[in-house]
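Asker: Number 242 in the working numbering belongs to position 227 of the sequence shown; there are no gaps in the numbering.
We treat Cβ as the ideally placed atom computed from N, Cα and C, and that holds for glycine.
The model shown is predicted, which means the values in this text are computed figures rather than measured ones.
Pasting a structure below so you can have a look.
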Amino acid sequence: MTSTPAPPVFKRGNSIQLPALPRLIRFALLIALDVAVFWLLNRLASLGYYPLMAAVLIITLFVNFVLIRREAYPLRWMLIGLIMMGLFTIYPIIFTVWVAFTNYGEGHLITKKQAIDQILDLTYLPPSGKAYSWTAFRSDEGDYALWLIDAEGNAYLAKPDEPLSQPQPGEMGVGPLDARGIPESIEGYRRLNQIQAATDRNLKNIKFGEEGKTIQIRSPSEAAELLPLYVYDPDLDAMINQETGVVYKNLRGTFTSADGKTLRPGFIEFIQFDNFRDFFISPALRGPLLRLVTWNFAFAFFSLLLNFSLGLFIAILFNDPNFPLKKLIRSLLIIPYTVPALITILIWRGMLNPDIGVISRFLYSTIGWSPQWFTDPWWAKIAILLVNLWLSYPYFMLICSGALQSISEEIYAAAEVDGANPWQKFWRITLPLLLVAVGPLLIASFTFNFNNFNLIYLFNAGGPPMAGTPTPAGHTDILISYVYNLAFSGSRGVNYGFASAITIIIFFIVGTITLFQFRYTRMWEEVGENA
16 MTSTPAPPVF KRGNSIQLPA LPRLIRFALL IALDVAVFWL LNRLASLGYY
66 PLMAAVLIIT LFVNFVLIRR EAYPLRWMLI GLIMMGLFTI YPIIFTVWVA
116 FTNYGEGHLI TKKQAIDQIL DLTYLPPSGK AYSWTAFRSD EGDYALWLID
166 AEGNAYLAKP DEPLSQPQPG EMGVGPLDAR GIPESIEGYR RLNQIQAATD
216 RNLKNIKFGE EGKTIQIRSP SEAAELLPLY VYDPDLDAMI NQETGVVYKN
266 LRGTFTSADG KTLRPGFIEF IQFDNFRDFF ISPALRGPLL RLVTWNFAFA
316 FFSLLLNFSL GLFIAILFND PNFPLKKLIR SLLIIPYTVP ALITILIWRG
366 MLNPDIGVIS RFLYSTIGWS PQWFTDPWWA KIAILLVNLW LSYPYFMLIC
416 SGALQSISEE IYAAAEVDGA NPWQKFWRIT LPLLLVAVGP LLIASFTFNF
466 NNFNLIYLFN AGGPPMAGTP TPAGHTDILI SYVYNLAFSG SRGVNYGFAS
516 AITIIIFFIV GTITLFQFRY TRMWEEVGEN A
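Here you go:
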């Protein structure tokens, strides 16, 4: 019986060296990857996607380091996962931070160079300019020519970068003229009909004639001696209208005139801390933002208080071993936790509907009045707290039930010997020891409710709307839903830069809450040790 010999392995010092052929193949694949990435980087740079270009470059350098350096060999097993983490986790965070310091949003989605090029493409017909009717011709190589006829009936042949000429039939390859004075053919060119010419996108971008007196197609029936409507002055960083002389200076990524008129499109501009300053000190935003932040903290606090209190009450109630049908009732109480929140929120929205909702109709038929759950700001907030209570109390019931099982009955027996009443046993024994186990979960729940976008958006989309706000905001909006309205559904256009700035502020708020959690978790541990 023969066996296949193992490939030779060479040792250098304490490290194992692979044969030359596998290493050559690896380096060849790496070089091919680098060439492809270099082409991609050029494309990204031409499109102005500089943040993504920087991310791809850093990831490529990291891949080269891992595949070339022997000391980075253990990272090769995690390379794909690290690349995915960089592209889909780290890069979005860095991009969000970058956007927060820009005016990125509707009307400001392209680079400055791209915006200038688009504006410089605009043209106008000066008073001395002539207009012509035109017919297009195209060669097999893709070159174009125009046969022009002015208002006096004079005919001209126009080609790119050449002066206009007036050839007669038989000259310069011009064939016989038809009844309208248009050549039936031009040597080397094929005549295009109106449909072919109208659907040819390249034709409108071509400048025919000599420099300084070029002719462009203006409409399906007219070509004219058009001039650029704007010129760019780099010293002033401004656009100058050649027809009116109005100067449009760059103002935060938008060319703006002295009377407030603007040119579109705008472009992405680095505006430093303006978005953050607007959040904190802008008089236009101070009113709604102050109310939004106040409600955001109140919503998270009262949700936590109500949910935990009800869950703890039910857990203590069923902690009694003699409670009848305890297992059956506890199983029924867990049902709200098993139903998807999306379905539950929509069901509650239907039940609270002022016209057909079962709860609203029951209250109206019983007491002759039903709260305006969706139009009154205070009742809308109460409705959201009630829905959140229904969604969350089973969770706290479960964790409190488990935590109560860990408290020794001997402690309660000793308290009874000392003459403690039920309230004292709860306040001095049950609650402190319970917080040792569930305290971090309470802080996590507060953080979750602070960013509970799904509940706010699905129930009433943050309504009812606030009156007189410069940006769309509702009385039950929290910061994260307000950010969503700014970034994706604002009636005045999206504002990704401002939304990203608020997102970063929310991050620091949540980070502060997390630090608070670590600090008070240690405090509860000390309470547990002393109990």
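Where do the N-terminal and C-terminal ends of the alpha helix (DSSP H) with methionine 412 fall, by residue?
Answerer: 392-420
Asker: Helix, strand or coil for tryptophan 363 per DSSP?
Answerer: helix
Asker: Take valine 453 as the anchor and find which of Gly478, Pro485, Leu419, Ala482 has the nearest alpha-carbon.
Answerer: Leu419
Asker: Give the C-beta separation of leucine 278 and tyrosine 263 to the nearest angstrom, bearing in mind that I take them to be a contact with Cβ-Cβ under 8 Å.
Answerer: Rounded, the Cβ-Cβ distance is 5 Å, consistent with contact.
Asker: Leucine 82 to leucine 55, Cα distance in whole Å?
Answerer: If I take the Cα positions, the gap works out to 20 Å.
Asker: I'd like to confirm the pairing. Which residues does DSSP put opposite leucine 450 in its beta bridges?
Answerer: Beta-bridge pairing links leucine 450 to no other residue.
Asker: Under 8 Å, with one C-beta from each stretch per pair, do the region 520-527 and the region 462-470 reach the 3-pair mark?
Answerer: yes
Asker: Quickly, what does DSSP pair glycine 489 with across the bridge? List them, please.
Answerer: Glycine 489 pairs with Pro480.
Asker: Have a look at the DSSP bridge pairing and note the partners of arginine 205.
Answerer: Arg153
Asker: Taking the continuous alpha helix (DSSP H) assigned at aspartate 39, which residues delimit it?
Answerer: The sequence shown places leucine at residue 39, not aspartate. Segment 35-62, the alpha helix (DSSP H) holding leucine 39.
Asker: Going by beta-carbon coordinates alone, are valine 52 and valine 71 separated by less than 8 Å?
Answerer: In contact: valine 52 and valine 71 (Cβ atoms closer than 8 Å).
Asker: Given a cut-off of 8 Å, decide if serine 416 and phenylalanine 323 are closer than it, judged by their beta-carbon atoms.
Answerer: no
Asker: Per DSSP, what kind of secondary structure is glutamine 231 in: helix, strand or coil?
Answerer: strand
Asker: Where do the ends of the alpha helix (DSSP H) carrying phenylalanine 270 lie?
Answerer: Phenylalanine 270 -> not in any alpha helix (DSSP H); beta strand (DSSP E) instead, spanning 269-271.
Asker: Using CA atoms only, rank isn't needed, just tell me which of Trp92, Ile210, Asn217, Ser234 is closest to tyrosine 139.
Answerer: Ser234
Asker: Please report the residue range of the alpha helix (DSSP H) in which aspartate 252 lies.
Answerer: Element bounds for aspartate 252: n/a, residue is neither H nor E.
Asker: For proline 351, name the three-state secondary structure that DSSP assigns.
Answerer: helix
Asker: If you run the structure through DSSP and keep just helix, strand and coil, what is tryptophan 388?
Answerer: Here tryptophan 388 carries a coil assignment [DSSP, helix/strand/coil].
Asker: Where DSSP assigns a beta bridge to phenylalanine 223, which residues make up the other side?
Answerer: Checking the DSSP bridge columns, you'll see phenylalanine 223 partnered with Pro175, Ile230.
Asker: Would you call the region 62-78 in contact with the region 100-115, where contact means no fewer than 3 C-beta pairs closer than 8 Å?
Answerer: yes
Asker: Of all the options Phe503, Pro480, Ala502, which has the alpha carbon lying nearest to the alpha carbon of aspartate 492?
Answerer: The option with the nearest alpha carbon to aspartate 492 is Pro480.
Asker: Between the alpha carbons of arginine 267 and valine 509, how many angstroms are there, rounded?
Answerer: One C-alpha to the other measures close to 16 Å.
Asker: Could you tell me the alpha carbon to alpha carbon distance between threonine 381 and threonine 484, rounded to whole angstroms?
Answerer: 38 Å
Asker: What is the rounded straight-line gap between the Cα of lysine 219 and the Cα of isoleucine 232?
Answerer: 5 Å
Asker: Which ranges does the beta strand (DSSP E) cover as unbroken runs of at least 3 residues, wholly within the region 69-115, from first to last along the chain?
Answerer: none
Asker: Among Ala273, Phe152, Asn57, Thr75, whose alpha-carbon lies nearest the alpha-carbon of methionine 99?
Answerer: Thr75
Asker: Where does the unbroken beta strand (DSSP E) through valine 189 begin, and where does it stop?
Answerer: Unbroken run through valine 189: none, as it is neither H nor E.
Asker: Exposed or buried, what is threonine 527 when buried is set at 16 or more other beta-carbons lying within 10 Å of its beta-carbon?
Answerer: exposed
Asker: For tryptophan 9 and leucine 413, I'd like the C-alpha separation in whole angstroms.
Answerer: Outside the shown range of the chain, which is 16 to 546, sits residue 9, and nothing can be said about it.
Asker: Considering just the uninterrupted stretch of the beta strand (DSSP E) at lysine 264, what are its terminal residues?
Answerer: Lysine 264: member of the beta strand (DSSP E) spanning 262-266, first to last residue.
Asker: Could you check which residue in Ser236, Glu202, Leu348 has the C-alpha nearest to that of leucine 404?
Answerer: It is Leu348 whose Cα lies nearest to the Cα of leucine 404.
Asker: Does DSSP classify alanine 146 as helix, strand or coil?
Answerer: strand
Asker: Between phenylalanine 513 and alanine 115, what straight-line distance do the alpha-carbon atoms span, to the nearest angstrom?
Answerer: 6 Å
Asker: On the DSSP bridge list, what partners appear for threonine 117?
Answerer: Phe285
Asker: Take every Cβ of the region 388-398, pair it with every Cβ of the region 364-380, and state whether three or more of those distances are shorter than 8 Å.
Answerer: yes
Asker: Under DSSP, the alpha helix (DSSP H) around glutamate 240 begins and ends at which residues?
Answerer: Careful: glutamate 240 lies outside any alpha helix (DSSP H) and carries neither H nor E.
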